[in-house]
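Residue numbers (this note's numbering), protein chains in the order written: chain R, 1 to 417; chain Z, 418 to 834. Beta carbons: idealized from backbone N, C-alpha and C, even for Gly. Keep in mind it's a predicted model, so treat the numbers as computed, not measured.
2 protein chains.
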Amino acid sequence: MVAELISVGTEILLGNITNTNARYLSEQCAALGLSCYYQVTVGDNEARLKAAVREALTRSDVIILTGGLGPTNDDLTKEAVAAVLGLPLAEDAHTRERIEDYFNHGIRRAPTENNWKQALVPEGAIVVDNHNGTAPGLILKTQDHKLIILLPGPPGELYPMFEQDIKPYLSKLTPEIIYSRTVKIGGMGESYVADAIKDILASQTNPTIAPYAKTGEVHLRVTARAASKKEAKAMMRPMILELKKRFGSNIFTTREDVTLEGKLVEMLKRYGLTVTTAESCSGGLLSGRLVNVPGASDVLHQCFVTYANSAKHRLLGVKNSTLKKHGAVSRQTAKAMAGGAAKAAGADVALAITGIAGPDGGSEEKPVGLVYIGCYVRGYTEVVECHFSGNRAKVREASVARAIDLGRRCVMKYGRK
Amino acid sequence: MVAELISVGTEILLGNITNTNARYLSEQCAALGLSCYYQVTVGDNEARLKAAVREALTRSDVIILTGGLGPTNDDLTKEAVAAVLGLPLAEDAHTRERIEDYFNHGIRRAPTENNWKQALVPEGAIVVDNHNGTAPGLILKTQDHKLIILLPGPPGELYPMFEQDIKPYLSKLTPEIIYSRTVKIGGMGESYVADAIKDILASQTNPTIAPYAKTGEVHLRVTARAASKKEAKAMMRPMILELKKRFGSNIFTTREDVTLEGKLVEMLKRYGLTVTTAESCSGGLLSGRLVNVPGASDVLHQCFVTYANSAKHRLLGVKNSTLKKHGAVSRQTAKAMAGGAAKAAGADVALAITGIAGPDGGSEEKPVGLVYIGCYVRGYTEVVECHFSGNRAKVREASVARAIDLGRRCVMKYGRK
């Protein structure tokens, strides 16, 4: 079955917004086993919108339109699709009730006359309730068994509606289910990871495996097609075991909802440890990322941003002689920052970052991108020297990811009391 | 003139990447006065790619294709376009030389046989040098005076090539030039800003004005069409003066390259002031954002993350009685954190954030999203109470933006020595 996405909105054609809905829906279609051959974007223009729908009907089986379901005169998607299919529009009593309810009990203001337009639906449409707005989703079947699905454009309405109602509906259309799991690896480069599994990548059929790189992490997405979820899980088990064998403790999780920082916080909680940070070039981004884990307050009480040498000395007790002899960006300073931060905060674990993020400040000997990361855990300290590329923001982001991964590895090694 | 964008790449159709190129090019086309009516994405498939080009030729004057110019067999864009136009491919000696040079002096490895494919160009094409990769851009004119422009897909190659060569080429096609300036407003909501200029928004013709909201800021983009840049500037001057009259010091810059945090750092430098931060729920994101300004080290030496009450007391000297009586999330604590941070760091200015970012920790009296932000400047302290919506990350991001804007306002008020 071939799917086609039609995004409706002049704001996309003007470049005012990025079309992230198309990516989301493409990914969902792929996971459902639907082949997406075309994505089309048209503006809020009736003639061009109708032409796009007519053309999609000639080449695709499932057509998903997003946007243009709002209450204003600019919103034409429903009207255009109904016209192409020759279907009259009629008020849907249930939807009218839902809109009334939304205004009376939800946002507590009076609906405008325009809003009732959203209760009109094409004859024979399946109406999908919108739990986050007033425009319902609509599923239409053509006489030659093609599907046209109309969905609201705002991601806050589209995503939950797709997850809750559209995905289950579409998954019934394909005989197989698609099931994925992600194996997340920290602290290894993408090319290194890809090289270590190149034999698997070359010979894969079902399950398949696809690497995705993000800063400081590589995610291996394992996907199986099977008649049931149970069968898919059984099919991918040997591959996941093989990945665990090859990557060992470089894998930090195989759970979808676990982040690298979430994993570190989870380990610290398990071992009953507290953590602090001492940051120079990253300037607080490391502590900021750790604090984004809900419940981080159990393990993190205070952190330091020591950008100037004087602050490294005064707050962390880094010796002036160390700073003078080896420089602020050095293995020795990173070690002293980590140890000093742990002591100053009374924490069991400390992560320290000192480096040259650029654009200025680099030299032949210490170029932009050189970063030392220290990790102290209960009396042991490890320091890694990193060379990152990219602009100031990239170097800082890469430093933070590497520091969290180093923390994870050191806590694993030295954290058990 | 009507423009059409064709993005080529199976990775977009699979949802592996977001099509940010389409947004970039749409924005550029709009600025050049080209009307973009369609954006189409197709995969690395010769038949569908040819069909998309043929269709675009029926309805658009300028067709811009991105992607599919690489060295592998999957890369088909050039071949498909040449086939549609009936043009033979021949090796371009200049491009071959550039590719040789790229490998010998750039990345210093041997080219593969595949790479020479990138030196083949359709007969009659204008070749546009790629200064960041091996695939040149190509401009083709059809017999009925339509333009087909082929550009590399990687943004690091596409953007500079478009800026340097394609934009000047296209701007000659339209009799008018388009010139834009952005008026950036801090600390006001989008609906408030839109309401204050609704008369202008309703009656605009040339220049036009468009509001864009980002966290804690609203940007008003003023755009004029005219025969020359000088004329465009003269046309928009009265509107920019009117905006300055209406928004006064809420406007923090009218320069494209100035960020909110960059403006604060610039003001601190001008007044010879140093700054520190004390963060609770934001956990270092505020200092992290300030440090992202190159040269921030002149004004920022150290900062504190005081997540636990004990840290607020110990590092910042917030009285235990204040914490006990008013709570960690209170006007009084925010004030004491700001003053205490300035004292502890020996800084002239201090920004403090304490709030409930969620998802837990809220109560009827102090709900999730309640944040107090304090700013100390040379003996004066101001505190604002904010109510932010959204998830944990949103609340924290909004707090940081608001704190920087408060810093800007307070430095303006109290910063002159």
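Residue i versus residue j: straight-line alpha-carbon distance, rounded
i, j, result
"R:G70", "R:R48", "18 Å"
"Z:T599", "Z:M829", "21 Å"
"Z:R825", "R:K417", "48 Å"
"Z:V498", "R:K244", "46 Å"
"R:H145", "R:A93", "27 Å"
"Z:L681", "R:F304", "22 Å"
"Z:R687", "Z:V708", "17 Å"
"R:A506", "R:C375", "Only positions 1 to 417 of chain R appear in the structure, and residue 506 of chain R is not among them; the question remains open."
"R:D348", "R:A342", "6 Å"
"R:F103", "R:W116", "12 Å"
"Z:G772", "Z:V746", "5 Å"
"Z:E472", "R:K50", "16 Å"
"R:L323", "Z:G689", "26 Å"
"Z:L506", "Z:G606", "55 Å"
"Z:L618", "R:S363", "51 Å"
"R:L140", "Z:T559", "41 Å"
"Z:K811", "R:A52", "37 Å"
"Z:K783", "Z:G744", "10 Å"
"Z:S443", "Z:A641", "17 Å"
"R:G340", "R:V40", "57 Å"
"R:I99", "Z:A644", "49 Å"
From the options, residue whose alpha carbon lies closest to that of residue i
i, options, result
"R:G137", "R:E385, R:Q143, R:E163", "R:E163"
"R:I63", "R:L286, R:Y179, R:E4", "R:E4"
"R:V2", "R:L170, R:T41, R:V258", "R:L170"
"Z:H804", "Z:E814, Z:C792, Z:V788", "Z:V788"
"R:T10", "R:V40, R:C29, R:D44, R:T20", "R:D44"
"R:A423", "Z:I434, Z:L430, Z:V425", "This structure cannot settle anything about residue 423 of chain R, because the visible part of chain R is limited to 1 through 417."
"R:D199", "R:L173, R:Y179, R:M239", "R:M239"
"R:S399", "R:E157, R:D74, R:E279", "R:E279"
"R:H105", "R:D298, R:E382, R:H131, R:K233", "R:H131"
"R:L76", "R:L151, R:A232, R:I178", "R:L151"
"Z:G705", "Z:K736, Z:S806, Z:E508, Z:R813", "Z:R813"
"R:G156", "R:A135, R:T223, R:L147, R:P168", "R:A135"
"Z:N623", "Z:E648, Z:A611, Z:H636, Z:L474", "Z:E648"
"R:A338", "R:H326, R:A357, R:E266, R:L316", "R:L316"
"R:A311", "R:H301, R:P154, R:A336, R:A52", "R:A336"
"R:G295", "Z:P776, Z:T693, Z:I595, Z:M684", "Z:P776"
"Z:D674", "Z:T691, Z:D822, Z:L703, Z:V710", "Z:V710"
"R:G86", "R:G124, R:E261, R:L32", "R:G124"
"Z:R795", "Z:L768, Z:L703, Z:P571, Z:V544", "Z:L768"
"R:P122", "R:D101, R:I148, R:N114", "R:I148"
Coarse secondary structure for residue i, derived from DSSP in three states
i, result
"R:F388", "coil"
"R:H131", "coil"
"R:C307", "Here residue 307 of chain R is Tyr; the residue named in the question, Cys, does not match the sequence. Three-state DSSP puts R:Y307 in coil, outside helix and strand."
"R:P122", "strand"
"R:R378", "coil"
"R:T438", "With chain R covering 1 to 417 only, the question about residue 438 of chain R has no answer from this structure."
"Z:Q719", "strand"
"R:L150", "strand"
"R:N34", "Note that residue 34 of chain R is Leu in the sequence shown, not Asn. In the structure shown, R:L34 sits in coil (DSSP, three-state: anything other than H, G, I, E or B)."
"Z:L555", "strand"
"Z:S597", "strand"
"Z:T739", "helix"
"Z:T771", "strand"
"R:V293", "coil"
"Z:L431", "coil"
In DSSP terms, what residue i is bridged to
i, result
"R:Q39", "R:L5, Z:T458"
"Z:T437", "Z:T437 pairs with nothing; no bridge assigned."
"R:L370", "R:H387"
"R:V349", "R:V275, R:V377"
"Z:G603", "Z:E634"
"R:E91", "R:L120"
"Z:T676", "Its beta-bridge partners do not exist; DSSP assigns none."
"R:G288", "Partner(s): none; R:G288 has no beta bridge."
"R:G327", "BP columns for R:G327 are empty, so no partner."
Partner residues on chain B for residue i, Cβ-Cβ distance less than 8 Å
i, result
"R:Y37", "Absence of chain B from the displayed structure is noted, the protein chains being R and Z."
Continuous beta strand (DSSP E) assignments of at least 3 residues falling wholly in the region 622-646 of chain Z:
Segments of the beta strand (DSSP E) lying fully in the region 622-646 of chain Z: 625-631, 634-643.
Scan the region 462-504 of chain Z and note each continuous alpha helix (DSSP H) run of 4 residues or more that stays entirely inside, going in chain order.
Fully enclosed alpha helix (DSSP H) runs of 4 or longer: 463-476, 494-502.
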